[in-house]
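Chemist: Quick one: this structure, given as structure tokens, is what I'll be asking you about.
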Amino acid sequence: MSPPVLITTAAPSADEQLARRRRKYVVMMACRIPCLVLAGLTAHIWWLALVFLAISVPLPWAAVLIANDVPPRRHDRVHRYRRPGLPRSAAEPGQGRGE
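This is the structure we're talking about:
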């Protein structure tokens, strides 16, 4: 039995991508809250409080960058349908025609 034929190169839906990016953002921002609380609780040990603050300061910036990053197009080798009689290079988009 041959593997199933992939008939589309469509990316995940925009809703799926948005949900995934939103989850990443929430997780990163949720990591910031304990860092700020720990910085307050360890204020008597100034260097430890400074470490927690140093961790929490760039988190919003990094969270926004990661949340706005669109996943790259996948370049998987998959079993695609080829019309009978066409050479391999004509049946595969972007292959053999200088694209």
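Numbering (the numbering used here), first residue to last: -18 to 80.
For glycine and all other residues, C-beta sits at the position ideal for the given N, C-alpha and C.
Arg1 by DSSP, collapsed to three states: which one?
Modeler: To locate residue 1, count along the sequence shown from 1; it is residue 20. Residue state, collapsed to three classes: helix.
Chemist: Three-state secondary structure (DSSP) at Gly66?
Modeler: Here the question's residue 66 lines up with position 85 in the sequence shown. Residue state, collapsed to three classes: coil.
Chemist: Would you decide whether Glu80 is buried or exposed? Buried here means 16 or more other CB atoms lie within 10 Å of its CB.
Modeler: As a working note, residue 80 is residue 99 in the sequence shown. Because Glu80 sits at a pLDDT of 44, beneath the cut-off of 50, its placement in the model cannot be relied upon, and the following sentence gives the value as read from the coordinates. Exposed.
Chemist: In or out: Asp(-4) buried (at least 16 other Cβ within 10 Å) or exposed?
Modeler: Within the sequence shown, numbered from 1, the residue matching residue -4 stands at position 15. Result: exposed.
Chemist: Select from Cys12, Ala11, Phe33, Met10 the residue whose C-alpha is nearest the C-alpha of Gly21.
Modeler: Mapped onto the sequence shown, residue 21 falls at position 40. Ranking Cys12, Ala11, Phe33, Met10 by Cα distance to Gly21 puts Phe33 first.
Chemist: Specify the secondary structure class of Ile36 as computed by DSSP and reduced to three states.
Modeler: The residue labelled residue 36 in the question sits at position 55 within the sequence shown. In this structure, Ile36 counts as helix in the three-state DSSP scheme.
Chemist: If you reduce the DSSP assignment to three classes, tell me which class Pro(-7) lands in.
Modeler: Looking up residue -7 in the sequence shown gives position 12. It is coil, neither helix nor strand.
Chemist: With DSSP collapsed to three states, give me the class of Gly77.
Modeler: By 1-based counting over the sequence shown, the position of residue 77 is 96. In this prediction, Gly77 has a pLDDT of 49, which is less than 50 and means its spatial position is unreliable; what the coordinates show is noted afterwards. It is coil, neither helix nor strand.
Chemist: Give a yes or no on whether the C-beta atoms belonging to Tyr6 and Ala48 are separated by under 7 angstroms.
Modeler: Position 25 of the sequence shown, counted from the first residue, corresponds to residue 6. Position 67 of the sequence shown, counted from the first residue, corresponds to residue 48. Closer than 7 angstroms, so yes.
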